[in-house]
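Inspection log for the structure reproduced underneath, given as structure tokens.
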Amino acid sequence: MSSIPDRLRPTPRRLTAVLVPVLTAALTATVVSVIDRSPEPAAMALPPVTGTVAGVTGPTEIRSVAYAQAVNAAKAKKPKVTVIGTGGTISGVATSRSSFTEYRSGQIAIGDLVARLQPEIGQVADVSTVQFGNKGSGGYTIAEFHALTLAVESALKKSDAVVVTSGTDTMEEFAYWLDLTVRSRKPVVMTGAMRPWAAVTPDGPQVIGADGPANLYNSIVLAASQATYCYGTVLMLGDEFHAARDVTKTSSYRMDTFQSREFGVLGWIDGPNIKVGRAPARVEKCDAKQRWLTPFDLSRVAPTDLPRVEVVYGYQQAGGEAITAFADAGVKGIVTAGTGAGGISSAQSSARSAAAAKGVIFVSTTRTGSGASYSGSTTSPIIAGDDLLPQKARLLLLLSLAFAPADVDQVRTWVGTLGNPEWDTAPKGRPKD
Ligand code: ASP
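Residue numbers (my numbering): 53 to 485.
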């Protein structure tokens, strides 16, 4: 037996917390040379900034000039943050102050929640609110997701950053959808709560240990700081923020339910200190505007143009009927959440071949919750989902099919590149191996 005390033993989470910043610093030191450091037009009015920006710590190598200028601008002038409310537990009312699990969600208006953070939050940012909806996260349709993207884009025209509140059940899908469709580089932060905010009535006393107030407060602090400028959408709960692509809800009740498994958190909010431990690979494209933009400009497609894409789960001796039924119902794409590295049963495999012959496009992922599936095909429309979680691959396939309905090669390229961005570690000017 080792003599290391229990509290110091390297559990996976502790290892992640220690290794991620170290590995990221090493990686980003390598990529520094490939980042385009030219200032972008929107930020030209500000003097160039180099080095660490006080108050936000992290690997300076990944900060473009645009990033540093955005952070500095937020310090020079009080930022404008719009909070868009969609409901969930954070706006829930419990039956008593100690009822953590018995409550009705979506009961309190987002304007009232922000008002309860005054006057403190007013010192951080000028906050305005938009009530997009007030219901459970699972109740939103893809057409409503489409409208949410337009609402976020519209708010970002007037604000420096947006916070979106939602239920936690499908918050990772809200976050990844926004990550794939919002074209502004300004920060978008998703948040919510695992415990309801108020007891008995919407303006009743606060639930014991409610996490909503601190989560909403810290999300606004994070958004206002611009620390995630060019990071796409991030998800913030429990003082940690995660990349939309990587994060997943891992527990039905625990307060630290959100984890990014093999990737680790992006950073932490410790009181007034925002620590940035790593950056999503898309930061690399930040300074060249066109490279940053995702191809999924939702102002160009109607909600009715978004096709149905479903997920089919793999397990011992799974039948193929679900695949066949989805294909017969006109579903355009199916994500398989297979076993291990993406395996599906022989019945599912036969059904998949028949559906693929009729034009249904498949993405192969794993039900394991982490790790990759490389089991695609170059001869039939079966695309490897790599390490995208099935519910995330489904959104990417849906958007890809909406924008390139009959182009399997384009869909394959988007799933492989947008879905699985990797740092370009080749030194600038030298060919990759
Ligand atoms: N059922 C809720 C929802 O996702 C859970 C939550 O808000 O955390 O809307």
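Each residue gets a CB set at the ideal place from its N, CA and C atoms; glycine is no exception.
Taking the CB atoms as reference points, tell me whether T139 and N186 lie closer together than 7 Å.
The residue asked about is misnamed: residue 139 is Gly in this sequence, not Thr. Result yes, Cβ atoms of G139 and N186 sit closer than 7 Å.
Is G188 close to the ligand ASP? I mean its beta-carbon at under 6 Å from any heavy atom of the ligand.
yes
Cβ of S157 within 6 Å of any heavy atom in the ligand ASP?
yes
Closest residue to D221 among C338, D212, A245 (Cα-Cα distance)
The shortest C-alpha separation from D221 is found at A245.
Which of the three DSSP states, helix, strand or coil, is assigned to T220?
coil
Excluding five sequence neighbours on each side, which residues of the same chain lie with their C-beta closer than 7 Å to the C-beta of S271?
V215, V241, T243, M288
Which one of C338, L453, P265 has the shortest CA to CA distance from E172?
P265
T285 Cβ short of 6 Å to the ligand ASP heavy atom set
Incorrect: T285 has no Cβ contact closer than 6 Å to the ligand ASP.
Could you say which of R404, G144, F348, D439 lies nearest to T420 if we only look at CA atoms?
D439
contact_flag[the segment 294–314, the segment 197–216] where n(CB pairs < 8 Å) is 3 or more
No, they do not touch.
Restricting to runs no shorter than 4 residues, where is the alpha helix (DSSP H) found entirely within the segment 373–400?
373–380
Would you kindly report the start and end of the unbroken alpha helix (DSSP H) that includes V317?
From DSSP, V317 is part of no alpha helix (DSSP H); its letter is neither H nor E.
Which of the three DSSP states, helix, strand or coil, is assigned to E292?
strand
Cβ-based burial, A128 [other Cβ within 10 Å; buried from 16]:
By the 16-neighbour rule on beta-carbons within 10 angstroms, A128 is exposed.
How about A403 and G372: do their beta carbons lie closer than 7 Å?
yes
Taking the straight line between their C-alpha atoms, what separation do you get for Q400 and G471?
24 Å
Which same chain residues, not among the five before or five after P473, have their C-beta less than 6 Å away from its C-beta?
A333, R334
Kindly indicate which three-state DSSP category E225 falls into: helix, strand or coil?
helix
T138 beta carbon near the ligand ASP (any heavy atom closer than 6 Å):
no
Exposed unless 16 or more other CB atoms sit within 10 angstroms - verdict on G390
buried
If you draw a straight line from the alpha carbon of L230 to that of T285, how long is it in whole angstroms?
6 Å
CB-CB under 7 Å to A454, same chain, minus the five flanking residues each way: which ones, in chain order?
V353, D357, L358, P359
CB G437 to CB T417, shorter than 7 Å?
yes
Would you identify the three-state DSSP class for R343, choosing helix, strand or coil?
helix
Residues that K130 bridges to, as DSSP identifies them
Paired residue(s): none; K130 is not in a bridge.
Please classify D349 as buried or exposed, where buried requires at least 16 other C-beta atoms within 10 Å of its C-beta.
exposed
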